[in-house]
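Participant: All you need for our numbering is the position in the sequence shown, starting with 1, plus 1. Pasting in a structure now, in structure tokens, and then I'll have a few things to ask.
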Amino acid sequence: MKIFIIDDECLIRDFIAEYFNIEGHTIITASSVKGAKAIIERETFDVAFVDFWMRDGRGTEIVRLIKTKRPAAKIIGMSGRDQGNSFCTAGADSFIRKPFDNEQILELIKETPQQRQGY
2 MKIFIIDDEC LIRDFIAEYF NIEGHTIITA SSVKGAKAII ERETFDVAFV DFWMRDGRGT
62 EIVRLIKTKR PAAKIIGMSG RDQGNSFCTA GADSFIRKPF DNEQILELIK ETPQQRQGY
């Protein structure tokens with residue numbers, strides 16, 4: 002599985018990337034909205050983890066672009082605050098509140114839309 006991680010916090014981005022890399026997945030990362038947009042235009046991926054607050058924009062902007070350019074990708078919004086409704090409105094499939102652990106993020110990529118627990 003190819004996983005795209007978009008977060009301007011290096012520690013969060015690296016934590017998720019390292020975990021899924023160990024699990025045998027291919028990882029793509031971006032640290033900004035601008036960088037994410039460029040990658041979305043040229044890469045395909047199965048799952049995207051998208052942070053809400055970034056220095057150059059909001060994750061909801063990225064979610065909308067992914068829904069347009071890569072509609073088959075599963076989108077998981079993440080934030081230290083309760084931004085689930087914003088992500089849901091933008092089109093994300095799931096939301097996870099930071100901090101989280103390995104098992105929580107693994108379960109999210111395994112969930113089908115029918116199993117989703119809502120926001």
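Beta carbons: idealized from backbone N, C-alpha and C, even for Gly.
Contact defined as beta carbons within less than 8 Å: I believe threonine 69 pairs with phenylalanine 88. What is the distance between those atoms, to the nearest angstrom?
Facilitator: Translated into positions along the sequence shown, residue 69 becomes position 68. Translated into positions along the sequence shown, residue 88 becomes position 87. Not quite, the Cβ-Cβ distance comes to about 16 Å (not below 8 Å), so this is no contact.
Participant: Measure the alpha-carbon distance for serine 33 versus aspartate 8 and round it to whole angstroms.
Facilitator: For the purposes of this step, residue 33 is taken as the residue at position 32 of the sequence shown. For the purposes of this step, residue 8 is taken as the residue at position 7 of the sequence shown. About 7 Å.
Participant: Should aspartate 52 and alanine 74 be called a contact, given that it needs their Cβ atoms to be closer than 9 Å?
Facilitator: Position 51 of the sequence shown, counted from the first residue, corresponds to residue 52. Position 73 of the sequence shown, counted from the first residue, corresponds to residue 74. Pairing aspartate 52 with alanine 74 gives a Cβ-Cβ distance that is not under 9 Å.
Participant: Quick check on the burial criterion: 16 or more other C-beta atoms within 10 angstroms. Buried or exposed for leucine 107?
Facilitator: Here residue 107 refers to the residue found at position 106 when the sequence shown is read from its first residue. By the neighbour-count rule (16 or more Cβ atoms within 10 Å), leucine 107 is not buried but exposed.
Participant: Closer than 6 Å by C-beta to glutamate 123: which residues in its own chain qualify, once you throw out the five before and the five after it? Chain order, please.
Facilitator: This structure gives no information on residue 123, because the portion of the chain shown stretches from 2 to 120.
Participant: Determine the contact status of alanine 31 and alanine 39, defining contact as a CB-CB distance below 9 Å.
Facilitator: Within the sequence shown, the letter at position 30 stands for residue 31. Within the sequence shown, the letter at position 38 stands for residue 39. The beta carbons of alanine 31 and alanine 39 sit closer together than 9 Å.
Participant: What are the start and end residues of each continuous beta strand (DSSP E) run of 3 or more residues lying completely inside the region 25-87, in chain order?
Facilitator: 27-31, 48-52, 75-80
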